[in-house]
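Visitor:
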Amino acid sequence: MVYWNEIARVGLMTVLLILGLPSGGRVSAANDRTAILIKKVEGIPEDFIKGVDISSVIALENSGVVFYNTNGEAQDIFQTLKEHGVNYIRVRVWNDPYDESGNPYGGGNNDVQTAIIIGKRAAEQGMKVCVNFHYSDFWADPSKQMVPKAWAGMDLDEKACALYEFTKDALSAMIAAGVDIGIVQIGNETTTGMCGERAWVNIAKLMSAGSRAVREVGREFGKEIMIAIHFTNPERGLAEYHRFGTLLESYKVDYDIFATSYYPYWHGTLANLTTVLKHIALNFGKKVMVAETAYAYTYEDGDGFGNTISKRSALAFPYPVSVQGQADAVRDCIQAVVDVGEAGIGVFYWEPAWIPVPGNSYNQRFELWQRYGSGWATSYAASYDPEDAGKYYGGSSWDNQALFDFSGNPLPSLGVFKDVDTGTNSDEN
Ligand code: CA
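The sequence shown begins at 597 in our numbering and counts up one residue at a time.
1. Can you tell me which of the three DSSP states alanine 932 falls into?
2. Give the C-beta separation of serine 732 and tyrosine 893 to the nearest angstrom, bearing in mind that I take them to be a contact with Cβ-Cβ under 8 Å.
3. Rounded to a whole number of angstroms, what is the C-alpha to C-alpha distance between alanine 949 and glycine 639?
4. For serine 970, which of Gly647, Ser659, Ile634 and Ile632 has the nearest alpha-carbon?
5. DSSP on cysteine 791, reduced to helix/strand/coil?
6. Any chance you could list the beta strand (DSSP E) runs of at least 3 consecutive residues sitting entirely within the region 647 to 727, in chain order?
7. Here's the rule: buried if 16 or more other CB atoms are within 10 angstroms of the residue's CB, otherwise exposed. What is aspartate 751?
8. Which runs of the beta strand (DSSP E) spanning at least 3 residues fall entirely within the region 724 to 796, listed in chain order?
9. Whose C-alpha, out of Ala773, Ser857, Glu720 and Met770, is nearest the C-alpha of glycine 783?
10. Using a Cβ-Cβ cut-off of 6 Å (strictly less than) and excluding sequence neighbours within five positions of lysine 724, which residues of its own chain qualify?
11. Just the Cα atoms here: how many angstroms apart are asparagine 665 and phenylalanine 762?
12. Leaving out five residues on either side along the sequence, give the residues of the same chain with a beta carbon under 6 Å from the beta carbon of valine 743.
13. Is alanine 756 closer than 8 Å to lysine 716 when the C-beta atoms are compared?
14. Closest to threonine 889 by C-alpha separation, out of Leu633, Ile650, Ala631 and Lys636, would be which residue?
15. Using a Cβ-Cβ cutoff of less than 7 Å, which residues in the same chain neighbour glycine 1069 once the five nearest sequence positions on both sides are dropped?
16. What is the C-beta distance between isoleucine 825 and tyrosine 851, in whole angstroms, given that I count them as a contact (C-beta under 8 Å)?
17. If contacts are defined as beta-carbon pairs under 8 Å, then phenylalanine 827 and alanine 985 qualify, I think. What distance do you get, rounded to the angstrom?
18. Quick one: which unbroken beta strand (DSSP E) runs of 3-plus residues sit fully inside the region 899 to 977? Chain order, please.
19. Based on DSSP bridge pairs, tell me the residues matched to serine 804.
20. Across which residues does DSSP place lysine 883 in a beta bridge pair?
21. Indicate, with yes or no, if ligand 1 has a heavy atom lying under 7 Å from the CB of glycine 704.
22. Can you grab the Cα-Cα spacing for the pair arginine 1070 / valine 884, in whole Å?
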């Protein structure tokens, strides 16, 4: 008995090791798609945008990250995404994410050239691209909207002109390289400003300059490109988003899509999201979409750099933190946008591939983040953003919200993009 118990214990340990530790492409029960259930999204249109933003992917691959398919074979992640029902790729663009000596700021070092590489790989898989201009040299969000270094001394007219030229040049280069651009975002999470401006009269002027560039490029290349403006915090309610809609209308900003971020642990209920987006669609005649969403499947941290969402987060988690909970969060978000009606065109998942870079120690990974920009920020970003990146630079704060495990295997939750069309039923599997 003692002997048998020992064997059983060792056997159990082996199973736990296989399930619980990075498996380097091995297929484990944790990657079995039939392991979770996904309810059909009622009324989902065939052309609904099922997008992901994998802007960090080139820096990750440069750092030695390998992505696998469901058979445990190394495979182009764009192909794997396509096979799982993803039909759109979103990519952020920073003007110049490098310091004076050419050292990268990190976060994927997403300049125009990187966007072209990502966009071409998307096109090879028949996927369209949403180009997300931050109009900054690094992260732009409600906490910061810093002007690019090269535009810092400009007055508003000069800045509008530079923004127009930059947008036109970047989009023309992307299209010429074969990128299939379907949407262009003028600014990222422009809730509090854009490109160093905080007054709406100024923001609107810059947005209009970007918008004009998109329309001209569309005409020149004979492409129908939709223009999106992106806000955050639907949980603040209807009045807040109505205010943004009114501002854009009164300043005559030419756009097609009113986009929002929706993170379930920050941004209120899905019922509220549907209500707010429906209101925008009805009152301003715009299409609506979720430009960013995500959810955690584990509290574990894969790279030694603390995660945005952890057990310590003082947040309400509307779903269990599990692969099933993650899949439900995405599925329900898609349903909430579909429930808006015809105006609800899509959902993008934010950074589902931002997994740990290889390394046996924090220092080994740190070296890769610094060299390839595969962490959220390098120490070099301090010269541009001393208060945030300059203090907290490091790795991925998002690895527990990826749709791939820490070793690059697709999680069953990645199947949500395909499975929402029909639903899965464990009895039939
Ligand atoms: Ca991490």
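Even for Gly, the Cβ is constructed at its ideal location relative to N, Cα and C.
Guide: Checking against the coordinates, here is how it stands:
1. helix
2. With a Cβ gap of about 30 Å, serine 732 and tyrosine 893 do not count as contacting.
3. 28 Å
4. Ser659
5. coil
6. 684 to 689
7. exposed
8. 724 to 729 and 777 to 782
9. Ser857
10. Tyr684, Asp776 and Gly778
11. 37 Å
12. Cys791 and Gly792
13. no
14. Ile650
15. Outside the shown range of the chain (597 to 1025) lies residue 1069, about which nothing can therefore be said.
16. 5 Å
17. No, phenylalanine 827 and alanine 985 are not in contact; Cβ-Cβ is about 23 Å, not under 8 Å.
18. 940 to 946
19. The partner list for serine 804 (beta bridge, DSSP) is empty, contrary to what the question assumes.
20. Ile853
21. no
22. Given a span of 597 to 1025 for the chain in the structure shown, any question on residue 1070 remains unanswerable.
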